[in-house]
Amino acid sequence: MHPPSFLRLCGAVSLVGAVLFVTTPTGRAMVDDALSFAYEAADPYVKEGFTIREDAWGGDLEEGGQKGIRHQLFKGNEYWFWAATDVEGAELEIHIYDASGQLAEAEFWKKGKFAAARISPSATGSYFLLVKVVKSPADRTGWAMVYGFR
14 MHPPSFLRLC GAVSLVGAVL FVTTPTGRAM VDDALSFAYE AADPYVKEGF TIREDAWGGD
74 LEEGGQKGIR HQLFKGNEYW FWAATDVEGA ELEIHIYDAS GQLAEAEFWK KGKFAAARIS
134 PSATGSYFLL VKVVKSPADR TGWAMVYGFR
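Following my numbering, the numbering of the sequence shown begins with 14 at its first residue and continues without gaps.
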């Protein structure tokens, strides 16, 4: 049997978890919906032989806001990064920079609530992905990003 202090701690942790769940479902739903759209953007590329990784990033940003993400990429692979939002009328961009801060992507596109960038790294190393909310009718715009390689 656990001592009473352990049981109180378990109860407190459960209560905190319940409060967090009750107070943040909107934010989570926003990112989950955006994640669904990011996977939708990736779908045609899966048919071209890209393998989607389980890694995903997401959050919410104000109009003009941006988020930088460092990620290890390997020479010899080709990568696509796809981002999306569930906010109608919002526009995102993704760009990929090398360790020296130089734009490194081979291709970039944006279409409505979707954006993507492709890279075939010339060297293995850390690269920086920059996700930006270009415009949005919302105060905060939920976004998500996934990637694939071949």
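Each residue gets a CB set at the ideal place from its N, CA and C atoms; glycine is no exception. Since we're looking at a predicted model, the values are computed, not measured.
| Check | Outcome |
| --- | --- |
| Using a Cβ distance threshold of 8 Å, determine whether the segment 72 to 91 contacts the segment 131 to 147, with at least three qualifying pairs required. | yes |
| For Lys145, collect the residues of the same chain with a Cβ closer than 6 Å to its Cβ; drop the 5 residues on either side in sequence, then sort them by chain order. | Gln79, Glu106 |
| How do the segment 46 to 57 and the segment 89 to 97 stand: do at least 3 beta-carbon pairs fall below 8 Å, yes or no? | yes |
| When you compare only the Cα positions, how much space is there between Val147 and Ala128? | 11 Å |
| Could you check if Asp68 is buried or exposed, using at least 16 other CB atoms within 10 Å of its CB as the buried criterion? | exposed |
| Is Ser113 helix, strand or coil by DSSP? | coil |
| Just mark Thr154 as buried or exposed, buried being the case when its beta carbon has 16 or more other beta carbons within 10 Å. | buried |
| Applying the 10 Å Cβ sphere with the 16-neighbour rule, what's the burial state of Ala136? | exposed |
| Determine the DSSP secondary structure at Phe121, reduced to helix, strand or coil. | strand |
| Can you tell me where the beta strand (DSSP E) holding Val146 begins and where it ends? | 138 to 148 |
| DSSP on Ala103, reduced to helix/strand/coil? | coil |
| Mind checking Ser149: buried by the 16 CB within 10 Å criterion, or exposed? | buried |
| Measuring straight from C-alpha to C-alpha, what distance separates Ala103 and Gly125? | 7 Å |
| Please go through the same chain and pick out, in chain order, the residues whose beta-carbon is closer than 8 Å to the beta-carbon of Arg66, but skip the five residues on each side of it. | Val159, Tyr160, Gly161, Phe162 |
| Return yes when the Cβ of Ser49 is within less than 8 Å of the Cβ of Glu91, no when it is not. | no |
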